[in-house]
Each structure stands twice: as C-alpha cells, then as structure tokens.
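K.L.:
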Amino acid sequence: MERLRFAPSPTGPLHIGGLRTALFNYLYAKQNNGKFILRIEDTDKKRKVNGSEKHIIDSLKWAEINFDEGPLINGPFGPYRQSERASIYSKYVKILLVQNKAYYAFDLNEDLEDARKKKEKEGSRFVYGMNSRKNFKNSLTLSLEKTTELIKKNVPYVIRLKINQKSDILCKDILRGEVKFNYEELEDKILIKSDGSPTYHFANVVDDYLMKITTVIRGEEWLSSFPIHLTLYKYFNWVPPKFIHLPLILNPSGKGKLSKRDGIRNGYPVYPIGWIENEILIPGFKEKGFTGDSLLNYIAQLGWSFFESNEMCKLTKLIKIFNVENLQKGGARFDYIKALWINSKHIQNTENKTLLNHTSDEFKMKIKKYDQKTIYSILELVKNRIEVIPDIEKKINLIIDSPIGFNERDLKKVINKNSVPLLKSLSTIFSDEKNMISKDFLITYCNENKIKFGDIMQLLRISIIGELSGPDIIEVIKIIGLKRTIERIDFLNNTISNFKI
RNA sequence: GGCCCGUUCGUCUAUCGGUUAGGACAUCAGGUUUUCAUCCUGGAAAGAGGGGUUCGAUUCCCCUACGGGCUACCA
C-alpha cells in the first residue's frame, strides 16, 4: 500500500508551495488507495512559531486535503510530531555510532566559523567532511579516552554522519532520472545537535522509514541533500522510498521562490488562509474569496498538466487524473490573474444553494425575507459577474437594496435637461397598470415619442442600481417589481431636480 | 565561487525524431447586448545561442548563456 506524507516545519504559516506539495502527495496516495500522513517536523525549537501548526492543519482542512494519520488524530505510527519522538532518534543514532558510521564532534562554533571564512576568502566552500575532519576536534581525531572524558564532563557535542567513500553516488529521482553527486563533496552532516535534538536530515529519514513511507514527493530545494538521505538509508540497510523532487513555485517575475514579501508588495495572497502577524491579518486565498477547489485546481497546474487545460477540476477529479508523467521539471511562476479566472469559473459552475452557503450569516438572515426563487433568479442574473466569493453578496445587494447614492461620474454622463421630464413620464407609464412593461413595450414607446431607447435604459439603470453598468435591467425590474421601480425613478428625479445642470 | 537542477508564445503548458509547433490565461480586433460583464469568431505571439548525431531535430548528446535551488548545531 502506498503511504505518503506531507512533512512541514511549523516555522510560519503554510504557503501555497507547501499546499501544492501536500496536494500532490495526497493525490498520489488517494489514487492508489493509500494513506496520506501529516508529520510535523518541529525539531528546531528556536524557529518554531506559535500558531503555525494550527495554520497548517486549518489550511489543509479548508482545502479539504484530509490526512489519515497525523497530530490530533494520531495513528499506528505516532507520535506525529518530531518533538515527541526524541527517544526514537537517540536510539537510532546509537546504531550508527556503534557501527562507526557516525561520530562525535566537539568543535566550537567560532572554530567552524573561522574555517568557513578562511575558505570563503580563498573563493571556495568549507566542507566538514572526509578531507577536512582530521583538522577538527572529534572522536575520530581524539583518543577514545579523551572522547569519553569530554562527554562525561558534559562538553557540548554534535553527532555527525561519517562519509568515507571516494566515489560518485547515483540518486534516483522518478522525475529527473539519476542525479550524480560526489561523496567527496558531501558534508559530514550533523545528525544530532548539541541540544540533543535531531536535524531535519536525520529525523526525516528515520521517520519516513518507521512510518513506512513508500513515496516521497517534496520540493526541489531538497535535491541537494538527497545524497545525504540516501546515504543514511544505506547505512541503516533500509530500502529507500521512491523520490520525486517537485519544481518550485516562483514569484511572478521568476526571480526566486514565491515569498510572503512578494505577496504583500504586490497585493496577492500566498497563504491558503489568513495569517495574523503583529496583530494584522495577512489575507489568504480564503479571505480573498477563493474556494478551496479553485485554489487547488490552480496550483495543481503549476508544474503539472493534463490534457484539457481549460477544464475545471474538483479534488475528486484530480485524484482520478493525477499522473507523475506529466509533472514538469522547471519552476513555474505564480500568476494571480489566472488563479482569479479559475476561481470565477468554479464559482460560475457552482449551484446556487452552495454559493449562498458561502455568504455571511448576516447576509443569510437578510435574504430570508425573500423567497428562494427570487434569490436564485437574482443569482442567475449576476452569476457571470462574480469573480470572488464576496461578489456574491455585493452583486445581490446591488439589486435587492435601493441605491444609497449614485455614481457621480455615471450620473454626469447621462443627466441632461431632458432627464427630469423623461423620468416623470417613465414614472407615469410604469404606474399605469394597463401597461405590460417589457423590452418591446419600451421600444415601441420610444419610437412613438421619438426618444432614444438607450437614453431610457440608461436612466432606468442608474435610478435602479445607481450606476451605468450591470445586469439586464428589464430582468431586474421584473424581480424587484414595479412599485419599487417607480420609487427609485422618483428618487432619482428628486435628487437631480435639486441639481444644477 | 562550488555542487546540483532547469530553459517551448508575456504567463501556465502540449509535443514521448517527421506537426502549418496545439491549448489555456493575458492581450488585440470583430460580433452578440440597452450598458458593463458573460458568450461567440478571429488575430498577433514561442523552441536561449552554438556545435554535433541523424535522411530529418523543439525532441538525443556536448559546450556556452541565462534562470533557479543548495551551500547552518534551518527546514
């Protein structure tokens, strides 16, 4: 059975790059009737951010990416927070230590820093590895007695992975084929930090093994540490899972990974749901009026494609059609305009009842006064003008509320010295019960009285909704009724009568 | 700088050696409409550059350029 995981660090809010990784893992798992696991990689206490784990879980929940095992719900391979698995890591690192595949290192940070700076001056990179570790203070250079003594004296130490082979290492990625690295350039990565906590590399591999992960789908930023991870599998004699390194989501300019700063600067969201920072809310896609389905639909097409690129897909369909073969290798730039377009398409394909469910409680109360048929017909009338969720209320309100004021620019455009008499006669003909108000009726009326049809329609439109653009005004009149139409015509007339033209 | 990954219209992408290089968003023009939006029709728009391999390369290989990732006791 396939078992996949999403393993974020709670160092801040989840962003859509992470959400996409979660999505692909989820799709692959579900497509194969497998399990999707959420594991919180909170090994770095210093970088842990309050509320982050909640944001991750809430975001997944909002997008309806449900995990089968994870914190809160648990499962057979828990705990699912790495901070709660300390004893496991120390048990496994001992195995490496005993087998001489890992070693203690007592170096001071300053010494390492100096070595780094020195190498940097020479124009190269410092690597704590097979060619340099002899110059440092570790259990490979110190005698056994000295090492035990230092440990006994509580001198801080880290445990490093020992890489000793002088050859290439071939790392197999399903998407990219075999990627070649050289062991000599690899660092003796720290496995256990001086505070006893594991680093990502170690905890991640141990947990993937223990949690029986079969396929790892993660971001390309992990490709360079891929050989370290495979070495760990080899040292433990474990069969590694399959690996897929996803291309990154780039910011719209293509310069660098999509980041929070870009989003704030350019006014688009980067988080699925909002995140509060310094007491201000950074809106997410949810707050901007996206549905979970449309966000998922959009990000699924960043770095992956399927035949009908213009087809709107819900999560259930994505599960069916997802395939690894169509994964892209190059980074994909984020395009908010396209995301917005997909959202509007999703909304327009959604049935009225569901759409109304998305509105505020206040609004739901408000529309209770109207019968359902009326509200549905209004919604049908305005549906193709809805791009984000808040538009639903806005567009319906435009019709059921009387305009509080008029758009001044539009008003100036249509009002002239004929407007007052025209409005008066409109008020009169709308009041006459004998008249069956329809488009044809108005056209005939215009022809008989030598009035431009457009003039009448524009006056009607601005009196009823307060501006010059909007849905079919005859339909609006049918919905709101003649009585209110007349009220609105009269109201406009009164308003402009006091106007200097 | 080093190591790794990548590169098809402005953007997301299709093409698994032979295509008038297709679609979508955006854009432009036209049509429908009382307006705007929707919708419909159409246009402009791409294989980074240079070498190979091949009867034939966007596709395979090499070099260069450009972009990205990594380069922490961060993940």
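Convert by adding 129 to the 1-based position in the first sequence; the result is the number in our numbering. Heads up, the beta-carbon is just placed ideally off N, CA and C, and yes, glycines get one too. If you're wondering where the values come from, they're calculated on a predicted model, not measured in any experiment.
Could you tell me which residues DSSP puts in a beta bridge with residue 311?
P.N.:
297
K.L.:
Is residue 405 buried or exposed, if buried means 16 or more other CB atoms sit within 10 Å of its CB?
P.N.:
Result: exposed.
K.L.:
How far does the beta strand (DSSP E) with residue 348 in it extend, from its first residue to its last?
P.N.:
344–348
K.L.:
Tell me whether residue 161, by its Cβ, gets closer than 7 Å to a heavy atom of the ligand MG.
P.N.:
Within the structure as shown, the ligand MG is missing, as the structure has no ligands at all.
K.L.:
Verify whether the separation of the beta carbon atoms of residue 376 and residue 461 is less than 8 Å.
P.N.:
Contact: yes.
K.L.:
Could you tell me whether the Cβ atoms of residue 292 and residue 317 are closer together than 8 Å?
P.N.:
Note that the C-beta distance between residue 292 and residue 317 is below 8 Å.
K.L.:
Look at the alpha carbon of residue 482 and the alpha carbon of residue 364, and state the distance between them as a whole number of angstroms.
P.N.:
Taking the straight line joining both Cα atoms gives about 57 Å.
K.L.:
According to DSSP, is residue 421 part of a helix, a strand, or is it coil?
P.N.:
DSSP places residue 421 within a helical segment (H, G or I) once states are collapsed to three.
K.L.:
Assuming the contact rule is C-beta atoms closer than 8 Å, residue 288 and residue 321 should be a hit. Round their C-beta distance to whole Å, please.
P.N.:
4 Å
K.L.:
Going along the chain, which residues of its own chain have a beta-carbon closer than 6 Å to the beta-carbon of residue 592, five neighbours each way excluded?
P.N.:
617, 618, 621
K.L.:
For the segment 324–338 against the segment 304–311, are there 3 or more C-beta pairs whose distance is under 8 Å?
P.N.:
no
K.L.:
Closest to residue 141 by C-alpha separation, out of 154, 185, 148, would be which residue?
P.N.:
Comparing alpha-carbon positions, the option among 154, 185, 148 lying closest to residue 141 turns out to be 185.
K.L.:
With which residues is residue 284 paired in a DSSP beta bridge?
P.N.:
According to DSSP, residue 284 bridges with nothing at all.
K.L.:
Taking the straight line between their C-alpha atoms, what separation do you get for residue 415 and residue 401?
P.N.:
6 Å
K.L.:
Grab me the residues of residue 518's own chain with a C-beta within less than 6 Å of its C-beta, minus the 5 sequence neighbours each way, in chain order.
P.N.:
418, 487
K.L.:
With which residues is residue 218 paired in a DSSP beta bridge?
P.N.:
Residue 218 pairs with nothing; no bridge assigned.
K.L.:
For the alpha helix (DSSP H) that residue 136 lies in, which residues bound it at each end?
P.N.:
That residue, residue 136, is in no alpha helix (DSSP H); it is neither H nor E in DSSP.
K.L.:
Less than 8 Å between the C-beta atoms of residue 139 and residue 188, yes or no?
P.N.:
no
K.L.:
Could you tell me the boundaries of the alpha helix (DSSP H) in which residue 330 lies?
P.N.:
329–339
K.L.:
Compute the distance between the beta-carbons of residue 374 and residue 348, then report whether it is under 8 Å.
P.N.:
yes
K.L.:
Starting from residue 232, follow the beta strand (DSSP E) in both directions and report where the run begins and ends.
P.N.:
231–234
K.L.:
Nearest-angstrom Cα distance between residue 543 and residue 561?
P.N.:
The alpha-carbon atoms of residue 543 and residue 561 are separated by roughly 25 Å.
K.L.:
Excluding five sequence neighbours on each side, which residues of the same chain lie with their C-beta closer than 6 Å to the C-beta of residue 319?
P.N.:
Within the same chain, residue 319 has close Cβ partners 287, 289, 328.
K.L.:
What is the DSSP secondary structure of residue 462, counted as helix, strand or coil?
P.N.:
strand
K.L.:
Could you round the C-beta distance between residue 168 and residue 221 to whole angstroms and report it? I think they count as a contact, below 8 Å.
P.N.:
In fact, because the Cβ distance is near 16 Å, the residues do not count as touching under 8 Å.
K.L.:
When the Cα of residue 541 is compared with those of 383, 505, 326, 595, which residue comes out closest?
P.N.:
595
K.L.:
Okay, do the segment 450–457 and the segment 427–434 touch, 3+ Cβ pairs below 8 Å being the bar?
P.N.:
Touching, yes, given that three or more Cβ pairs across the two stretches are closer than 8 Å.
K.L.:
Pick from 599, 144, 147, 154: whose alpha carbon is nearest that of residue 372?
P.N.:
The shortest C-alpha to C-alpha distance from residue 372 to any of 599, 144, 147, 154 is the one to 154.
K.L.:
Taking the alpha-carbon of residue 232 as reference, which of 240, 241, 258 has the nearest alpha-carbon?
P.N.:
258
K.L.:
Over what stretch of residues does the beta strand (DSSP E) that includes residue 164 continue unbroken?
P.N.:
164–167
K.L.:
With respect to the beta strand (DSSP E) encompassing residue 411, which residues constitute its N-terminal and C-terminal limits?
P.N.:
409–411
K.L.:
For the structure I just gave you, are there three or more beta carbon pairs, one from the segment 189–204 and one from the segment 158–166, closer than 8 Å?
P.N.:
yes
K.L.:
In this structure, how does DSSP classify residue 599 when only helix, strand and coil are distinguished?
P.N.:
coil
K.L.:
Quick one: give me the first and last residue of the beta strand (DSSP E) that residue 406 is part of.
P.N.:
Where residue 406 is concerned, the enclosing beta strand (DSSP E) starts and stops at 404–406.
K.L.:
Does DSSP put residue 656 in a helix, in a strand, or in coil?
P.N.:
Residue 656 lies beyond the residue range present for the chain, which begins at 130 and ends at 630; the question has no answer from this structure.
K.L.:
If we call anything under 8 Å between Cβ atoms a contact, is residue 473 one with residue 411?
P.N.:
Not in contact: residue 473 and residue 411 (Cβ atoms no closer than 8 Å).
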